[in-house]
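What follows is a short report on a single structure.
Residue numbers (my numbering): 221 to 722.
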């Protein structure tokens with residue numbers, strides 16, 4: 221299967237469209253930069269407009285009061301040409317200055333021929349609608365204790381106040397300044413902001429691309445190395461340059477996984493080689509002795525029986541090997557589910573030790589036991605019995621010249637009791653102890669007695685105890701033998717009584 225096909229298959233398996241981390245990082249950084257630029261542009265525009273309006277409102281307020289003061293001075297001085305006064309004030313304060321009556325008619329300055337020629341007649345008529353707004357704003361201002369009003373109306377900032385005309389008629393002063401300059405400035409600000417935004421976005425795209433590449437490159441490098449590992453290259457090293465702390469931790473984990481996979485691969489090959497050898501040896505013996513019976517000892521009862529016994533022994537050895545391999549495979553694969561029951565471990569251990577009586581009678585072994593009565597545990601009886609038998613058998617095989625094995629079962633704390641089996645052999649090196657639970661591992665030390673069994677015993681023990689969730693281990697010292705132990709939780713008396721009653 222090609223790389224593309226494998227990639228497509230992976231996408232289908234996980235039910236998703238795989239997206240490059242590089243693209244995701246680039247997109248996130250770029251989107252963030254765009255958001256900042258837009259936020260800055262909007263906030264700057266709003267702030268500029270608000271600032272300008274605030275300044276314009278203050279300025280029109282000051283100008284309006286000055287206009288009002290100048291008009292009052294003019295009236296006091298008895299000025300006759302009011303039209304000219306209003307026109308001069310408009311030029312002086314760069315504003316539209318009008319005196320209006322209550323209907324919105326312009327009293328001063330009057331519409332001149334030049335105003336009509338310049339098309340300003342509509343402006344005079346517009347005050348008939350504006351006067352309503354002006355009066356409303358003044359009413360609201362008076363309620364707030366003010367004598368004038370400042371407001372925004374149709375593109376102008378307006379200063380309005382009441383004035384008394386001849387005969388006491390109530391009239392209004394209108395002073396307005398256009399906000400076209402503000403709008404022009406705001407528009408220019410928008411253009412500048414857009415240009416700056418484009419520049420910032422281009423810069424953000426470039427920086428985000430560089431940062432994303434810097435972050436993703438180590439992952440790409442590790443991915444390539446992982447593919448080499450998948451193809452069986454156990455010399456690959458996941459460390460690299462420019463790695464951050466998190467990537468270094470990932471490299472540590474992958475290097476550990478590499479070592480474990482390498483170890484498992486090596487053990488698998490050794491297992492196949494050992495099993496093949498262990499199968500081949502008894503089969504060769506069975507075939508050889510069967511041939512000898514057929515050709516030599518078939519008519520000689522003594523030789524025939526001797527040769528037949530060898531065939532039976534080798535067949536038993538082959539059966540034992542097959543049984544151990546199957547047991548290990550079933551337990552590890554989960555095919556065999558544990559069936560825990562309440563077991564009297566004290567009497568059960570004694571039954572297991574009774575199976576070693578032949579070693580005491582025929583080979584002179586001594587079993588020193590210390591078994592406390594009444595210790596119960598919830599375990600799978602058959603499986604835990606297999607584990608205990610294998611541990612005692614291992615001690616028999618590796619004990620010293622005194623052929624003594626020490627077995628104890630006693631309470632350790634109020635919550636636990638402990639099984640121990642100790643041999644008097646040569647012990648183990650510290651670096652050997654973690655490996656003795658592996659399949660087909662045997663100590664490199666030579667023994668005067670051949671080690672019986674398939675080499676799977678401790679691996680089976682480890683698997684059974686792990687399935688039970690029990691604490692176990694080995695303690696050993698060179699020249700002083702080894703002690704294997706299992707820690708069982710104590711079954712509460714009420715649970716024990718209830719179980720027995722049921």
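Yeah, the Cβ is synthetic: ideal placement off N, Cα and C, and Gly gets one too.
Predicted model only: the values in this text are computed from it and were never measured.
Which residues in the same chain as residue 698 place their Cβ atom closer than 6 Å to its Cβ, once the five residues preceding and following it in sequence are excluded? 647
Measuring alpha carbon to alpha carbon, tell me which of 411, 655, 710 and 367 ends up nearest residue 682. 655
Taking C-alpha atoms, which residue in 374, 347, 376 and 380 lies nearest to residue 360? 380
At the level of alpha carbons, what is the spacing between residue 669 and residue 615? Any answer about residue 669 is weak, because its pLDDT of 42 lies below 50 and its placement is not dependable; what the coordinates show is given next. Using only the alpha carbons, I get a separation of about 13 Å.
With a threshold of 16 other CB atoms inside 10 Å of the CB of residue 298, please say whether the residue is buried or exposed. exposed
Can you tell which of 570, 376, 251 and 392 has the C-alpha that lies nearest to the C-alpha of residue 164? Nothing about residue 164 can be reported from this structure: the residues present for the chain run from 221 to 722 only.
Bounding residues of the alpha helix (DSSP H) (the contiguous stretch that carries residue 318): Note, residue 318: premise wrong, no alpha helix (DSSP H); beta strand (DSSP E) at 316–320.
Which stretch, first to last residue, makes up the alpha helix (DSSP H) that contains residue 577? 577–583
If you draw a straight line from the C-alpha of residue 289 to the C-alpha of residue 282, how long is it? 11 Å
Contact under 8 Å by Cβ, residue 637 with residue 530: no
Drop a sphere of 10 angstroms on the beta-carbon of residue 422, count the other beta-carbons inside from all chains shown, and report buried for 16 or more, exposed for fewer. exposed
How many Å lie between residue 629 and residue 651 at the Cα? 28 Å
Under 8 Å between C-beta atoms of residue 347 and residue 375: no
Inter-residue spacing [alpha-carbon to alpha-carbon] between residue 354 and residue 394: 9 Å
Contained alpha helix (DSSP H) runs [length at least 4] in the stretch 583–668, N- to C-terminal order: 601–618
Could you give the distance in angstroms between the alpha-carbon of residue 496 and the alpha-carbon of residue 428? 58 Å
Pull up the CB-CB distance for residue 623 and residue 677, whole angstroms please, since I reckon it's below 8 Å. With a Cβ gap of about 19 Å, residue 623 and residue 677 do not count as contacting.
Does DSSP put residue 350 in a helix, in a strand, or in coil? helix
Apart from the five residues just before and just after residue 707, which ones in its own chain have a Cβ nearer than 6 Å to its Cβ? 636, 638 and 691
Is the beta carbon of residue 612 less than 8 Å from the beta carbon of residue 599? no
When the Cα of residue 438 is compared with those of 420, 468 and 415, which residue comes out closest? 468
Using C-beta distances below 8 Å, list every residue in its chain close to residue 195, excluding the 5 sequence neighbours before and after it, in chain order. Any answer about residue 195 is impossible in this case: the structure gives the chain only from 221 up to 722.
On a Cα-Cα basis, can you pick out the residue from 687, 458 and 249 that is closest to residue 420? 249
Check this for me: beta carbons of residue 171 and residue 317, under 8 Å apart or not? What the structure shows of the chain is the stretch from 221 to 722, and residue 171 is not part of that stretch, so it cannot be assessed.
Same chain, Cβ closer than 6 Å to residue 620, neighbours up to 5 away in sequence not counted: 644 and 645
Could you check which residue in 542, 362, 479 and 606 has the C-alpha nearest to that of residue 569? 606
Name, in chain order, the residues that DSSP records as bridge partners for residue 701. Residue 701 is not bridged to any residue.
Using C-beta distances below 7 Å, list every residue in its chain close to residue 365, excluding the 5 sequence neighbours before and after it, in chain order. none
Pick from 475, 466, 426 and 307: whose alpha carbon is nearest that of residue 450? 475
Using alpha carbons as the reference points, say which of 578, 460 and 358 lies closest to residue 472. 460
From what residue to what residue does the beta strand (DSSP E) around residue 561 run? 561–564
For residue 307, the first and last residue of its enclosing alpha helix (DSSP H): 302–312
Cutoff 8 Å: residue 394 Cβ touching any chain B Cβ: Absent from the structure is chain B; it holds one protein chain and no more.
Kindly indicate which three-state DSSP category residue 469 falls into: helix, strand or coil? helix
Grab the span of the alpha helix (DSSP H) containing residue 679 for me, first residue to last. 677–688
On the CB-based measure, 16 or more other CB atoms within 10 Å of its CB, does residue 667 come out buried or exposed? The predicted position of residue 667 is uncertain, since its pLDDT is 42 and thus under 50; no value can be drawn from it.
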